[in-house]
Amino acid sequence: MQTVNTQTLIERASALLQDGTVSAVLGWKRGEFDYDMTPAVFTTAEELAAGFVYNDFCGANLSKYLLKKTREIQGKILVFLKPCDTYSFNQLLTEHRIHRENAYVIGVPCSGMADIHSIRKITGEGIARVELTEGGLLVHTLYDDAPVAVSYEDAMADRCKTCKSKKHVAYDELLGEEGDVLDSHRFDEVAKLEAMTPDERFAFWQGELSRCIRCNACRDVCPACTCEKCVFDNPDSGVENKAPGGDFEEKMFHIIRAFHVAGRCTDCGECSRVCPQDIPLHLLNRKFISDINKTYGEYQAGETADQRPPLVNFTQNDPEPSDVVKGGHDHA
Amino acid sequence: MSELNQEYKPLIVAFCCNWCSYAGADLAGSNRLAYPADVKIIRVPCSCRVNPMFILRAFQRGADGVILCGCHPGDCHYTTGNYYTRRRMSMLFSMLDYLGIERERTRVEWVSAAEGAKFASTMNDFAKKVASLGPNKRLEDLRCKP
Amino acid sequence: MLKCNLSQLDNLFAAVAEAMPLYLPTQGKNGANYTKWQAGAVWSNTCNTQKGPKDLFFPQSEDLMAFKTQGKTIEIIDTRNEAEDFAVFGVRACDVKSLEILDRVFLSEPKDSYYASRREHGIIISLACNRPTENCFCGSFGIDASSPNGDVTCWLTEDALYLRGNTEKGEKFMALAAPFVTECDDTAAEAQKEKIQKIMARLPLADLKTDAFGGGKTEEFFNSPQWAKLSESCLGCGTCTFVCPTCQCYDIRDYKTNDGVVRYRCWDSCMYSEFTRMAHGNNRNSQKERFRQRFMHKLVYFPENNDGVFSCVGCGRCLAKCPISMNIVKVMKALEGEQNG
Amino acid sequence: MAELNETLIPVVGVITDVRIDTPDIKTFRVVTPEGKKPFDHRPGQCAMLSIPGVGEAMFSITSSPTNTEFMEFSIKKCGCVTQWLHAAEAGQMVTVRGPYGKPFPVDDVFAGHDLLFIAGGVGLAPLRSVINYCRHHRDRYGKIDIVYGSRSKEDLLDYQEIVNEWQNDENVHVHLTIDREQADWDGHVGFVPNYVKELGFDTNKVAVLCGPPIMIKFTLEGLCALGFDKTQIYTTLELRMKCGVGKCGRCNVGAKYVCKDGPVFRCDELDELPGEY
Amino acid sequence: MQRIGVFVCWCGSNIAGTVDVHAVAEALKNESGVVFSTDYQYMCSQAGQDIIKNAIAEHKLTGIVVCSCSPRMHEATFRKTAAAAGLNPYMVEIANIREQCSWVHKDMLSGTEKAVILGRAAIAKVHLNAPLIPGQSPVAKRALVIGGGIAGIQTALDIADAGFPVDIVETKPTIGGKMAQLDKTFPTLDCAACILTPKMVDAAQNELIKIYSYSEVSQVSGYVGNFDVTIKRRARFVKEDLCTGCGLCTEKCPQKKVPNEFNLGMDTRRAIYIPFAQAVPKVATIDPDYCTMLKTGKCGICSKVCTAGAIDYTAKDEFITEKYGAIVVATGYNPISMEKFDEFAYSQSKDVITSLEFERLTNAAGPTAGKLLRPSDGEHPHKIVFVQCVGSRCDSCAEKGKEYCSKICCMYTAKHAMLTRDKYPDTEVYVFYIDVRTPGKAFDEFYRRAVEEYGVHYVKGMVGKVVPQGKKLMVQASDLIDGKQLHIDADLVVLAAAIEPDKSARPLATMLTASMDTNDFFTEAHPKLRPVESPTAGVFLSGACQGPKDIPETVSQASAAAAKVIGLLCKDHLTGNPCVASANEMLCSGCSQCANVCPYGAITYSEKEFRMPNRTTLMRRVASVNPAVCQGCGACTVACPSGAMDLNGFKNNQIMAEVDAICRN
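Note that the protein sequences, when read in sequence, are chains A, B, C, D and E. Heads up, the first sequence is in our numbering, so the first residue is 1 and it goes up one at a time. Heads up, the second sequence is in our numbering, so the first residue is 1001 and it goes up one at a time. Heads up, the third sequence is in our numbering, so the first residue is 2001 and it goes up one at a time. Heads up, the fourth sequence is in our numbering, so the first residue is 3001 and it goes up one at a time. Heads up, the fifth sequence is in our numbering, so the first residue is 4001 and it goes up one at a time.
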């Protein structure tokens, strides 16, 4: 359960709209059900009162919207950012995609976001209502079954279970207490894969990536993927392609996309959250992050807004590729 | 296995930087140092010109191995190009390995203009290793197969 | 009506699969999906599959033809194969209906032979829903989840599957099923129907109305201020269109292989920014316009050209899958709300 | 399987002649490898040309249906397919499929009427087929006026045919104009919409418009000012066609599908469509 | 669609011996776009070139592929051939079927097969080639030398000697640099001033040389041939054109307590001063930090005594802007601070000094008028300990000091030791060293003289600690050869401090977009082959700013840099390499990834307005490449995720087409 409530945020946003500090508010809007929040722009206190919400289902990272919205809206935009979202915000600043003066950032604490898919895995389909209580979630189904209690821990999105930081790295004001960077074991899954044999790894990824339908949701939601035109959409790029024409192109798309965001990916996990086919795409990005950390020293993209990403940097004593590619088993 | 492989000719694409490795390949030629004809060289100004997309493209189109050759670190004609190459390819190859693609199919080697012999021996060795792996099955595009 | 004890079901599948490819939902890592039945496969009764059976008739990517070129000459190679019969088991009412909607596009003149031949050879064995979910609203489009169409209709109870052949094609399947079924009356099926209808009635979206929409309403909705609000957070990804059982936009593209060119067709999405870009420009430049197109098509344009039939079957997949939880229900409610208020 | 007709599968065509019309427009003559016209068509219909590996693109068939020997396409260089075509030489094969779209109502609505054709730039290409059809069946129609304008004399499409044939036809009046004064030009100078107003046609006729959007807009206004009703004016939206069969999902303007309901539209029909074309 | 001609060379039997050249020419005839294909014995011969020229004309070729030897051999030849026939030279591609085919493969069959594939790849590339025209930019015929030490002076003199105007910018009130502070120079022991000051005067008197002393570079824009440089002329409160350098003011100035930086603070000067007698320009300067008039408005004595009326208390910093074709960096070095080396008691005892201070102590114009006296009490030292490698050759992990060897210390210490023993034979001299490095002309002989003729005690070993005890300095050291601890009660300890680049170098490098190594020395364009050029075109390196150097080395590099500058300024126009990167603004998102990897600073960004659909506009940050600066490495093209950055001559689609062609079987 989140430690700040919707009302606090609405009041603060209304005040800033009122005094003219900001001209619009980027937040989350109530949906049809208890869990389907949509990112939305609010411009009046009435709109905020009618639809704004902040609770355990506001997983969407709003930072990327600033790119589009600051181009559309005159004046400052108030944006509510959770700790991990602020890393994306900084990265966007680093790359000059947004201007700091166009955004008014309110850091909101986050105790981990719930994920309806995680909940469904416990309760099954047919969720009528989700009650957020002190002790956990109470999930009522459509059928005549008894409500199911799900702990916040179990309901949490996988990415939140390995949360890297509760610390806001950029904000104009902060609601609640400043958190800390966490030691989250987020590379455990990567290590598990690395420990497999190449055949097992190949089988694993073949199984995962072959489900890709190339809906581009991972790319379109990714705060690092902000190219004016993606190479995969550009007929002149030579790699444009719309549908996975086979195993190769599924891999091509995801390898190149991961490579393009390598060193820039803040590990916000949105790619995996939005994938309609449940592909653990963050494991590709995390592999790069883990490799970079191990090979070139700890680097957290978006930690500040003026870092030089590791792949556009070097030292004279960097290890050779043959030394880097050593983990795991040898191919027979 | 070895009998089967005698028939099998791997296709190897080698990207060579213009200033060192391409010249190294030329020197190998001048010194008549043989290496398999399966190796086909593409000249690039600097190893840092090689986009990961080119490497994947080669595999897609049926290459069995891709090798990148550049000046020794510190000797880049453009001072820093191969340092970037080194990082990029370290990361890319590690990713390919992570996806279960045979790591022996990719290699980076620093070959100077004076190292004709190294060029030839590198190509011989790489071609042998790739041949022993057999055809590239894990990064192939079936549409490009005859 | 025929009855197949659940214990016999695997044998039934095996017998069908012996005769023709049989596709049915199985549980995968990301939920249920249609897969080809193989010995040991476990049928999943989860409502509903992640993607509909659309792929089996209109695959995401299919080769149309090939070319060989040399110098100035071109040779066209027809790569079509004679289609074989296949069966799709466990198709829900909404998805059965979605195929009828696709028919209206692909089987109208000029007929699409690729789709037509798969349709001709595909036997649809539908299955009444047991546990419709909160995302379901097929009822709004006049679909009865308890009694789906299809070549064969099935009902599932605790212990048995009840089957009813509807068409000649369906009889082919019934013949294959014969060794594993017994004749019975339709009491059990009727009881099951009633049970389902009860659940349907209390679904959260049961009262979603479509009256406001339909052919001839272009003017009413096209310039609605709601579109800007509704589409403001749309990512422009293709998720909704790709999981939608009725979306059928496609692109035709050439792929240069090592010895020629393959012309293939693949799914495209009207949500993509490049979708309508052609040599002379793009007539749907903003995400708002593209977003509007998708929903206007489903709710207005399509019914206008197709006897009032909406191009939505209420399967709820876009509700479940949209990364930002924007969907046709929210759109309908917003537009309707505006119209009423 | 070959007998199963598939509308997406083209036939092979051979370019037998390439004519340079203007600096950026070339006219291509296409026949089957056997030397025949690939298929019959009606005036205003389109065909899909393609070069394997480059792509497909839709073009209006500029030759008249009455020409039974070959097909012609006047093509302006603007995308990758057209660029490729502009580099092609006689003997080059392409693929063709069609015909697509509803034709101009030459045999019903147009029959017995005076006709006014107004074109700008490459906009003459789709009209050439209609004009030549009407010239061929000269007795079915009344007076024919053709207003055609382009940037310069060099940019006038089919100039030789216009001067040598059209202008000599009985009861066919060709009014040419170019945008700016030019040394070897003693004809009219000015934009098409203004020229139409200057010419001041009587309204008892059917008008057909084709050209760049801005020209269409102002000419339409001009015609209406002259007293024309939009029900008398036709135009074509063939640029919006993509797959040709109305299924790929791109060509619709509101509920109308250009591939199936068009590309020929009456201007009052267009008014009913949402402004998305 | 290109019209391509293919020309297969036999190279006598060099190619034809292992490659069936006819078969290659025949096979390539079938490639798309090929309208002519032939083979000939020697394509590079006049007759061969004529075949190419004729074919270009006859077949209206738009591109040609020559299957021959390495492009490193004859690409330029065939480009000229094409140009002579009216074809853009960049429409030529070479398939290397000699060095990379016929010479390395023995078997005719596989050799021929490979030659065809290499030809095919070249054809595929030519299909996507576009005519390239090298850019031309004019050259401003003036050079800027930053730093007026011996390096800068020598470079300026050489450039001016070739007839080009040169400006020297020097931060100090006078040129001369470190060399002006030295006493004698090794290995010849001639006096520094005697050889330097004539050069300083030459520079001052040369009409082509303008000296901006007491000035610094504040802004640089532009690129090779066309630099716009803003120079800040700090207010010296003395009109340079009026001051005669008579020195009266410096005698009358009541403020006498200003530490004299020329003598490294070992004595004092006035608030108005001329650094030393032979200063160039010989003009007084008022030190605003100490001048009573400037600080309180009361005094004005200098103004009163100045007969030339040169004093101007109201002077302000001035900025002048000048155009230069080339820039030479000669910012030199400084000894590192001894702050962190307290084990040597530098801050505790006045009698622990650096070698440069020692130079001043022995210099006739120094604080002691050339007498070697202890700074603390003015007595003669009888036992002197020299410590080598203070701060040089340190561990990379050590918190202080430099990893590199400062190169000059061994020699000057030998000089100091020798001179001391020469003038004061009663003085005992110890030198503690790690290694003695003397790899220069007459260097080792010099060092051996110090040991053998002058009896200097060279001890291999490091000094662990220096402890002041009364008037003595207790030096604890180890003798590594004898393996024992030494305790020496020295009168004077001289530290051979490591040298480091001047502090002004780092901000200057940023302004020049010139790269630096981790020690802030400027990087050369190539460590072996282009040692006096910076990777940034038009920026040259002279002297110790590039690495530690002694005087002869500095002077030779200074002249080398001058030669490079002269070579550049001789040209009226610079013809660029057209194979440079360029950014597609429509695709560029301005993320700066490319600029991060550009070694030449060729990429800049600007906010640009774009027309968007529906008559809206959008301001967007986009990159642009300066083709005169870009060298065409292509690092940016890979850093760019959107493919906005591409490299002419080696475009993404060209390389991919080559890949495709090679893989096509």
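Note that the Cβ used here is the ideal one computed from N, Cα and C, for glycine as well. From a predicted model like this one, the values you see are computed outputs, not experimental measurements.
Below-9 Å beta-carbon distance, residue i vs any chain D residue
i	result
MET4091 of chain E	no
MET4001 of chain E	yes
Nearest-angstrom Cβ-Cβ length linking residue i and residue j, presumed shorter than 8 Å
i	j	result
ARG2164 of chain C	VAL2152 of chain C	7 Å
GLY4538 of chain E	ILE4327 of chain E	6 Å
PHE3073 of chain D	THR3027 of chain D	7 Å
GLY2052 of chain C	SER2098 of chain C	6 Å
THR3236 of chain D	CYS3210 of chain D	6 Å
Residue i at chain C interface by Cβ criterion, 9 Å
i	result
ASP1057 of chain B	Correcting the residue type first, residue 1057 of chain B is Arg in the shown sequence and not Asp. No, ARG1057 of chain B does not count as interfacial toward chain C.
CYS3267 of chain D	no
LYS1145 of chain B	yes
Residue-level contact to chain B via CB, residue i, 9 Å cutoff
i	result
TYR2114 of chain C	no
PRO4578 of chain E	no
Cβ shell of residue i (< 6 Å), same chain only, five flanking positions each side left out
i	result
PRO310 of chain A	GLY263, ILE292, TYR296 and TYR299
CYS4389 of chain E	ILE4434
ASP4221 of chain E	Note on identity: in this sequence residue 4221 of chain E is Ser, with Asp being the wrong assignment. For SER4221 of chain E, where only same-chain residues beyond five positions count, the Cβ hits under 6 Å are ASP4228.
LEU4182 of chain E	ALA4192 and GLU4359
Min CB distance residue i to chain E below 9 Å
i	result
ASN309 of chain A	It is Pro, not Asn, that sits at residue 309 of chain A in the sequence shown. With 9 Å as the cut-off, PRO309 of chain A counts as an interface residue toward chain E.
ALA3087 of chain D	yes
GLY2238 of chain C	no
LYS2036 of chain C	no
LYS334 of chain A	What the structure shows of chain A is the stretch from 1 to 332, and residue 334 of chain A is not part of that stretch, so it cannot be assessed.
Heavy atom of the ligand PLP within 8 Å of residue i beta-carbon
i	result
ARG211 of chain A	Only the bare structure without any ligand can be found here, which leaves the ligand PLP out of the picture.
Own chain partners of residue i with C-beta closer than 7 Å, once the 5 adjacent residues on each side are dropped
i	result
ALA2206 of chain C	GLY2139 and MET2200
MET1089 of chain B	LEU1068 and VAL1108
Any C-beta of chain A under 9 Å from that of residue i
i	result
MET4516 of chain E	no
ARG1103 of chain B	yes
LYS2029 of chain C	yes
Next item on the list: Return the residues of the stretch 4641 to 4661 of chain E that lie within a Cβ-Cβ distance of less than 7 Å from chain B, sorted by chain order.
Entry: LEU4647, PHE4650, ASN4652, ILE4655, MET4656, GLU4658, VAL4659 and ASP4660
Note to self: Restricting to runs no shorter than 3 residues, where is the beta strand (DSSP E) found entirely within the stretch 3075 to 3113 of chain D?
What the structure shows: 3093 to 3100
Check: In the stretch 4145 to 4202 of chain E, which residue ranges form an unbroken alpha helix (DSSP H) of at least 4 residues, counting only runs that do not cross its ends?
Finding: 4150 to 4161
Notebook entry, point to check: What are the complete beta strand (DSSP E) segments, minimum 3 residues, inside the stretch 2196 to 2231 of chain C?
Noted result: none
Note to self: Suppose only complete runs of 4+ residues qualify. What are the alpha helix (DSSP H) ranges in the stretch 4285 to 4340 of chain E, listed by chain order?
What the structure shows: 4292 to 4296 and 4301 to 4305
Next item on the list: Check each residue of the stretch 1070 to 1093 of chain B: if its Cβ is closer than 8 Å to any Cβ of chain A, include it; give the result in chain order.
Entry: PRO1073, GLY1074, THR1080, TYR1083, TYR1084, ARG1086, ARG1087, ARG1088, MET1089, SER1090, MET1091, LEU1092 and PHE1093
Item checked: Residues from the stretch 2038 to 2072 of chain C in contact with chain E, defined by Cβ distance under 8 Å -> THR2069, GLN2070 and GLY2071
Notebook entry, point to check: Can you list, in chain order, the residues of the stretch 2253 to 2264 of chain C whose Cβ is nearer than 8 Å to any Cβ on chain B?
Noted result: TYR2255, THR2257, ASN2258, ASP2259 and VAL2262
Check: For the stretch 2277 to 2290 of chain C, which residues have a beta carbon sitting closer than 9 Å to at least one beta carbon of chain E?
Finding: GLY2281, ASN2282, ASN2285 and SER2286
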